[in-house]
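Student:
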Amino acid sequence: MSEQSVTSFRDRARSWLAANAPRRSDAQEPDGEPQAAGVAAQREFQAKLYDAGFAGITWPKEYGGQGLTNAEQIAFGEEARGYALPTGVFFIGLGMPGPTILEMGSEAQKKRYLPKMLRGEEIWCQLFSEPAAGSDVASLTTSAVRDGDEWLLNGQKVWTSGAQWSDYGAIIARTDPTVPKHNGITMFIVDMHAPGVTVRPLKVATGSSPFNEVFFDNVRLPAGSVIGEVNNGWAAAVVMLRNERVTIGTMGSPRTSPLSYHSLSALAARLGTGADVEVARRLARLYARERSVRLFGQLLREEAMAGRDPGARGSVAKLAGAELAMSACEVAEAVLGQAVVAGGAGDPEIDAVIMAVIGSPGSSVAGGTNEIQRNIIGERVLGLAKDPGVDRGTPFNQLRVGTLNTK
Amino acid sequence: MSEQSVTSFRDRARSWLAANAPRRSDAQEPDGEPQAAGVAAQREFQAKLYDAGFAGITWPKEYGGQGLTNAEQIAFGEEARGYALPTGVFFIGLGMPGPTILEMGSEAQKKRYLPKMLRGEEIWCQLFSEPAAGSDVASLTTSAVRDGDEWLLNGQKVWTSGAQWSDYGAIIARTDPTVPKHNGITMFIVDMHAPGVTVRPLKVATGSSPFNEVFFDNVRLPAGSVIGEVNNGWAAAVVMLRNERVTIGTMGSPRTSPLSYHSLSALAARLGTGADVEVARRLARLYARERSVRLFGQLLREEAMAGRDPGARGSVAKLAGAELAMSACEVAEAVLGQAVVAGGAGDPEIDAVIMAVIGSPGSSVAGGTNEIQRNIIGERVLGLAKDPGVDRGTPFNQLRVGTLNTK
Amino acid sequence: MALVLNAEEEEFADSVRRFVAERSPRAKLRELMASGQPYHGDVWRQMSGGLGLSGLIIPAEYGGAEAGYRVLAVALTELGAGLVSSPLLAGTLAAGVLLRLDDKDAQGRLLPGIASGELIATLALAGDVTVRADGGTLTGEVAPVLNAAQAGVLLVPALAGGGIGVYEVEAAAAGLSVAAAPALDHSRSVGTVRLDGVAGRPLAGDAARALGFARDLANLALAAEQLGAFGAALEMTVEYAKIRAAFGRPIGAFQGVKHRLANLRTDWELAHAALLDAARAADERPGDFAAAAAVARVSVSDAYVAAATATIQLHGGIGFTWEHDAHLYYKNAISQNALFGDPRAQLDRLRTLLTAG
Amino acid sequence: MALVLNAEEEEFADSVRRFVAERSPRAKLRELMASGQPYHGDVWRQMSGGLGLSGLIIPAEYGGAEAGYRVLAVALTELGAGLVSSPLLAGTLAAGVLLRLDDKDAQGRLLPGIASGELIATLALAGDVTVRADGGTLTGEVAPVLNAAQAGVLLVPALAGGGIGVYEVEAAAAGLSVAAAPALDHSRSVGTVRLDGVAGRPLAGDAARALGFARDLANLALAAEQLGAFGAALEMTVEYAKIRAAFGRPIGAFQGVKHRLANLRTDWELAHAALLDAARAADERPGDFAAAAAVARVSVSDAYVAAATATIQLHGGIGFTWEHDAHLYYKNAISQNALFGDPRAQLDRLRTLLTAG
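As you go down the protein sequences, you meet chains A, B, C and D in turn. The opening residue of the first sequence carries number 1 in our numbering; numbering runs sequentially from there. The opening residue of the second sequence carries number 1 in our numbering; numbering runs sequentially from there. The opening residue of the third sequence carries number 1 in our numbering; numbering runs sequentially from there. The opening residue of the fourth sequence carries number 1 in our numbering; numbering runs sequentially from there.
1. Which of the three DSSP states, helix, strand or coil, is assigned to Gly88(B)?
2. Considering only the beta carbon of each residue, do Gly82(B) and Arg14(B) sit closer than 8 Å?
3. Would you call the CB atoms of Leu140(B) and Gly64(B) closer than 8 Å?
4. If you run the structure through DSSP and keep just helix, strand and coil, what is Lys407(B)?
5. Measuring CB to CB, does Pro180(A) end up less than 8 Å from Thr7(A)?
6. Excluding the 5 residues flanking Asp351(A) on each side, which residues of the same chain have their C-beta closer than 7 Å to its C-beta?
7. Thinking just about the alpha-carbon of each residue, which of Met96(B), Gly359(B), Val214(B), Pro222(B) is nearest to the one in Pro131(B)?
8. Quick check on Pro269(C) - is its C-beta less than 8 Å from some C-beta in chain B?
9. Flag this pair as yes or no: are the beta carbons of Val198(C) and Gly165(C) separated by less than 8 Å?
10. Rounding to the nearest angstrom, what Cα-Cα distance links Asp277(D) and Leu89(D) in this structure?
11. Go through its chain and collect everything with a Cβ distance to Arg242(B)'s Cβ below 7 Å, but skip five positions before and after it.
12. Output, in chain order, the set of chain A residues within a Cβ distance shorter than 8 Å of Arg281(B).
13. Kindly give me the distance between the Cβ atoms of Leu155(C) and Ala94(C), rounded to whole angstroms, as I take these residues to be in contact under 8 Å.
14. Pick out the complete beta strand (DSSP E) segments inside the segment 118 to 189 of chain A, 3 residues or longer, and give them in chain order.
15. Taking only beta-carbon positions, decide if Asp31(B) is within less than 8 Å of chain D.
16. Please classify Val145(B): is it buried, with 16 or more other beta-carbons within 10 angstroms of its beta-carbon, or exposed?
17. What does DSSP give as the partner residues of Ser177(D) in its beta bridges?
18. Using CA atoms only, rank isn't needed, just tell me which of Gly248(D), Leu111(D), Ala291(D) is closest to Ala356(D).
19. Could one say the Cβ of Ala235(B) lies closer than 8 Å to chain C's Cβ atoms, at least one of them?
20. Distance check for Gly162(C) and Gly68(C), CA to CA, integer angstroms please.
21. Cα separation between Gln373(A) and His259(D)?
22. So does the segment 369 to 389 of chain A actually touch the segment 20 to 31 of chain D, counting three or more Cβ pairs closer than 8 Å?
23. 8 Å is my cut-off, CB to CB: does Asp342(C) come that close to chain A?
24. Using the C-alpha atoms, what's the distance from Ala325(B) back to Thr266(C)?
25. How is Glu323(C) classed by DSSP in three states: helix, strand or coil?
26. Rounded to a whole number of angstroms, what is the C-alpha to C-alpha distance between Glu62(A) and Lys111(A)?
27. Return the chain-ordered list of same chain residues with a C-beta closer than 7 Å to the C-beta of Ala160(C), the five sequence neighbours on each side being excluded.
28. Can you give the Cα-Cα distance for Arg281(B) and Leu347(C), rounded to whole angstroms?
29. Which whole runs of the alpha helix (DSSP H) in the segment 262 to 321 of chain B are 4 residues long or more, in chain order?
30. Using 8 Å as the threshold, is the segment 170 to 177 of chain B in touch with the segment 149 to 162 of chain B, meaning 3 or more CB pairs across them?
31. Go to Phe289(D), then tell me how far its alpha helix (DSSP H) extends in each direction, as first and last residue.
32. I want to see whether chain D comes within less than 8 Å of Thr273(A), judged by CB atoms only; does it?
33. Counting only Cβ pairs nearer than 8 Å, list the residues of chain D close to Met285(A).
34. Would a C-beta distance cut-off of 8 Å place Leu299(B) and Ala273(C) closer than the cut-off?
35. Give me whichever residues DSSP pairs with Tyr83(B) in a beta bridge.
36. Below 8 Å on the Cβ atoms is my guess for Leu220(D) versus Ala296(D); work out the distance and round it to an integer in Å.
Right, here's the structure in full:
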């Protein structure tokens, strides 16, 4: 790449965004997932983005990408910072299943799925979590049994974002229960419209339903559905999980999040609770923490751009982000004072903060609990000894999983 | 017991203390161990206490005790609260080796040692900790090898309080390294004046030397030195450690400790740092914490008096006490403000607080680290599953210990 | 001076615990959440009429059980554990104020109804008093007020001239409006009370002293409820840590989980001891009650929030679902923390007490 | 805008790190502790003359390296890691004030000596300014002042009339007395400066602005030293957790230890990013420097104390002995935390900056 070409790409992005993309407003952004009504509009916007040459910037041209470098990708990200691109429903597909298919998928899969993903024609979700597996993702029990060239899928996934409007999903399932748990997992592409797939919204503590449960009842996976190799799905899943962690960790919370310093200090001023010296200091500390988390994310991105693998330090970002959210909750409680008792009582700003406080402990678990991140940081960043796992050598069907085998 | 006899005992104690014991002063108490100069005076006071019938209140009469009940013991403790009894050098002997000999010792041992202990004629220490064992007390390497009826003792102990003025010690040593670590330990009585015993003061972070290292070089233990049974010393040690934990945990820090609410709030008033709302609140929180820790100690004592075994809840007291000390350090730092930089600079009150802050992280480890207490609370109070220890079944001489076997 | 419960108190605790398990398990709270009702009338009748909980601190001459504050704390601990929704706290605080005022007439008129549970009374106190009394009529706004919308009578502190008074206001009084709020805590019913020239009957006695006592009583009562709920949330989590497996082991075997739970148990033990002490102080050491109650409240408040957070997090995803009860405790913990003075306000108060004492 | 160190900066960091390892390992600090000397003259000569560290922020025209604040932060991080005792911070702060004042004469007279390391200068600033200037003579007391007893020249902020000024005071001036204090931090030399009608030369320029910058520079410099020491203490502990066994395993295998260290590493990473940002801001975004430096300082201060506490505790008994270096870091951590504004003061300042901005 030449520096000049990056500059001209940046200029082109800047003017296209100015002409086509909605600016990020300072107002409260709606929490959670886009409404179904918005999905069509998002498909349309993604298509425009694609036509303008800003979708799949680093993906190869033969699969619909632009064939450019990280430099252009970062330039676009920087230019887009001030905009609220209506592309949320594609976030998961392009961030996780897409790159995995690109890396490990067959030529036929790449040709069939990637261009449509980039053009916004097909929406993807990721089907990893299971009720009985939790943090121990690899102890999943959803099974895929070979039937000729095809496979028969049975089981349940949970915490699936966007399943309700997805066309396809990347799913991991157990294909050999007689070997240790990591060795009997395969990754598949599943058609979310296939018979036997049931998507149910999952109501959470806040009263809203931002996630789904997905049930698979004898769903037939056609030949050619395996991503990578049979029984080698865990390696692909690890890559996806690591990407997810870096993504969650370095996203940062936008200024407009109800738990940001920006929002909470404005609320503290309005409610008068910020006049208390201690509350004021907590707000300042929140600012410092928020800023340092954001800076660490920037540092990781710069290192990645310089060709250094962030590796397990993505877990540092993930942990720091989760703890930032929990400390923001404490600040929020201090800022709200008595206002929290009446549950908002119709004040939308207060309502939003309360809902964010209620949602935080649960959200912090998404993408791996803090305990899991601390293990990763301890073992892979600091090089401390591993926990002497009893589960690494044991065949999966002899292992304690979830709460099933304990009664 | 009759209630009347307790009342008359209490009355007798009250008047004896008023006539003979020094009142607890509100001034700063000297930190750490009594000076050697005071040992003779303490022996004298203990003898007076014994003559008056207030030593070994619950111990049997045939071994020099008073043969009374817990009720009298508690009554005496309550009456003595306002006094600073100069009996510190006997604290360990009467609290730990004494009761253990009483419970597990031979008749000859009880007759020989207990009366002199009670009369203040012989001072005792406890020799458990070793440099390479640490929290994992049972991985001790000090060895005792049988030589006819006698034993030959070799090794090193550390963190031994009062070793410098002790006449005897209760020591645990390895007597069979070929069995799992808990099964090859024996408890002995060792004459601290015997040839081959070397006591060296151990300088700690504060610059003072409140503890000792004790070296044993071919020390000959005569026949009859074993407390309880050979290779069954761990059971006795566990009882002693548990007593130690309850003792440390429920002692509470006296009002006059440099890190108490009482001391720190007076200092905050003098330095002006208490005018800050947040510092004032931290002081109030310290008061609440100190009071709740003290109340929990009281609750444990009441339960013990009512015949309920505090069991592992002594670890709750120990952990709470250690955490109280560390949070008091934080409050102390806030109270000191800039004064901490100049290290006291000759102000004795500030000096005492700084030394207490410097000493706290190390002291908190004594009697078992917080991690050990949390394990005990988790497993024995809450009933959570044990860590799958790799060390329970392995012969001691095949185990990794300290930092010795790792290079 | 004894902290441990005596046999009678233990027995009473058992009976309340059984009542909660049989008559008001958490499934009942789910019913309230679905129906929008503030509490179950039948449960309240059993609590008040049957168990006599509404009259625990009320003298026998007014139909109360005259059982004292230790027993009250025992009852509230069990009710808190079960997140039982009722107007008990509201009525207890109103009774506390009446008892510390010196108005025989009002006591005789109101206490029997509160004791029997037939009269729902509440104390319209939240933060600093801002309602103004002018020529016998009250004007101002108070929020949040416990069971404001269900109360038949409200005791309203108000500023009159240079001093403060407590006024008895009928629910039906002209100029009074009550707006129920969507309480964060599903087991709590709160509302905003607006007074626009409402006729209030001034009550005789030392209002400042009575309101000070009400704040201490609120600390004791809330600390008891919080401690009970803290214990229940912790127990739920400990039990889950025993049966939920990950990486081939119960999750409670991992120190990351085990130590967090051990810390919470330690906090609970300290808060428990502090509550026992505060309840004793209310009965036996009135001069120490304010400090003891503040210590109890401070000891439990933040620790319970931490425990409820752990309940959600250590249950993993399932703890975040609407169907799981973890969020009920979390919402309760946050809300309780803010009622009648948040931890900062409590610490300020405690510091003042200590400096003055 | 880049946060990552460039190749030149990395190389410079390596050279300082080598210097510390070869010329001023912690054994040197033990020598100072035994001898009572504030620092090693030869080490200081090598640092200043050889490596040029004393002139990093001083323009070339005054004999400095003119290397900027990013490079200064890099150097101080390495020196902090090694607990190297020297008058570098004192001189750097004095230079920072001189550079922001507008007194060519004083700059020409003092900066070359500071740059070469031959002149020990210090800034007599601690908390609010209370020294009073009256008709050209200064009266008051300042403590703690870095290297007060070794300084040849002191820059003393003082109140004159309604405003503030900075005065140059010779160490030999009549009426000046300096009492060295037994600094808690063995790697720091501090003292109390007493002025009793001391003749001071008023320096031209905007004193309030220069002193504000000095506070920001102190935040940057201390944050750098703290971050370095934090990293060193953490590394020492991590290495120990790898080789120390208990219960048949390296202690780092236990989550109780592993998670605590992981939390500290996370805090270190955030503080590191914040420091890189503050150093960049000093060179490139002066308007954001105050906030960035306060964020860096706030991010590292308490976390370093927690790390040093863990260093003692996770080393078990041995970490509490005088011979082990753990207490050197702990004392350093506590002392650093209180210099030029403790965390509360920093948060107050940050809040003011944010509200004003």
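We put the beta carbon where it would ideally sit given N, CA and C, even for glycine. Please read these numbers as outputs of a predicted model, since none were measured by experiment.
Tutor: In short, the structure shows the following:
1. Three-state DSSP puts Gly88(B) in a helix.
2. Between Gly82(B) and Arg14(B), the C-beta gap is not smaller than 8 Å, which leaves the two residues out of contact.
3. For the 8 Å CB-CB criterion, Leu140(B) and Gly64(B) do not form a contact.
4. Annotation note: pLDDT 35 at Lys407(B) (below 50); position unreliable, coordinate value reported separately. The answer is coil: DSSP assigns Lys407(B) none of H, G, I, E or B.
5. No, Cβ-Cβ distance for Pro180(A) and Thr7(A) is not below 8 Å.
6. Here the set comprises Gly344.
7. With distances taken between Cα atoms, Pro131(B) lies closest to Val214(B).
8. The amino acid occupying residue 269(C) in the given sequence is Glu; Pro does not appear at that position. Chain B contact via Cβ: present.
9. Going by C-beta atoms, Val198(C) is not nearer than 8 Å to Gly165(C).
10. In this structure, the alpha-carbon of Asp277(D) lies about 20 Å from that of Leu89(D).
11. For Arg242(B), the CB contacts under 7 Å within the same chain, skipping 5 residues up- and downstream, are Gly314 in chain order.
12. For a Cβ distance threshold of 8 Å, residue set Glu278 of chain A lies close to Arg281(B), ordered along the chain.
13. That pair is a contact at about 5 Å.
14. Counting whole runs of 3 or more residues, the segment 118 to 189 of chain A contains the beta strand (DSSP E) stretches 124 to 127, 143 to 147, 150 to 160, 168 to 174.
15. For Asp31(B), the predicted model reports a pLDDT of 42, less than 50, meaning its position is unreliable and no value from the coordinates is stated.
16. A residue is called buried when at least 16 other Cβ atoms come within 10 angstroms of its Cβ; Val145(B) does not meet this threshold and is exposed.
17. Residue pairing of Ser177(D) in beta bridges, as defined by DSSP: Arg194(D).
18. That would be Ala291(D), whose Cα lies nearest to the Cα of Ala356(D).
19. Residue-level contact check: Ala235(B) does not touch chain C, since none of the beta carbons of chain C fall below 8 Å from its beta carbon.
20. Rounded to the nearest angstrom, the gap between the Cα atoms of Gly68(C) and Gly162(C) is 34 Å.
21. Between Gln373(A) and His259(D), the C-alpha separation is close to 9 Å.
22. The answer is no - the segment 20 to 31 of chain D does not touch the segment 369 to 389 of chain A, with fewer than three Cβ pairs under 8 Å.
23. Yes, contact with chain A.
24. When rounded, the separation of the alpha-carbon atoms in Thr266(C) and Ala325(B) is 15 Å.
25. Glu323(C): coil per DSSP, three-state reduction.
26. Lys111(A) has its alpha-carbon roughly 8 Å from the corresponding atom of Glu62(A).
27. Closer than 7 Å at Cβ, skipping near neighbours: Ala133.
28. Their Cα atoms are separated by approximately 5 Å.
29. The DSSP assignment places complete alpha helix (DSSP H) segments of no fewer than 4 residues inside the segment 262 to 321 of chain B at 277 to 305, in order along the chain.
30. Yes: at least three Cβ pairs fall under 8 Å.
31. Where Phe289(D) is concerned, the enclosing alpha helix (DSSP H) stretches over 286 to 314.
32. Cβ-Cβ to chain D under 8 Å: no for Thr273(A).
33. The residue you asked about is not Met; residue 285(A) is Arg in the sequence shown. By Cβ distance, chain D contributes Val298, Leu347.
34. A distance below 8 Å separates the beta carbons of Leu299(B) and Ala273(C).
35. Per the DSSP secondary-structure output, Tyr83(B) pairs in a beta bridge with Arg23(B).
36. Leu220(D) to Ala296(D), Cβ: 6 Å. Contact.
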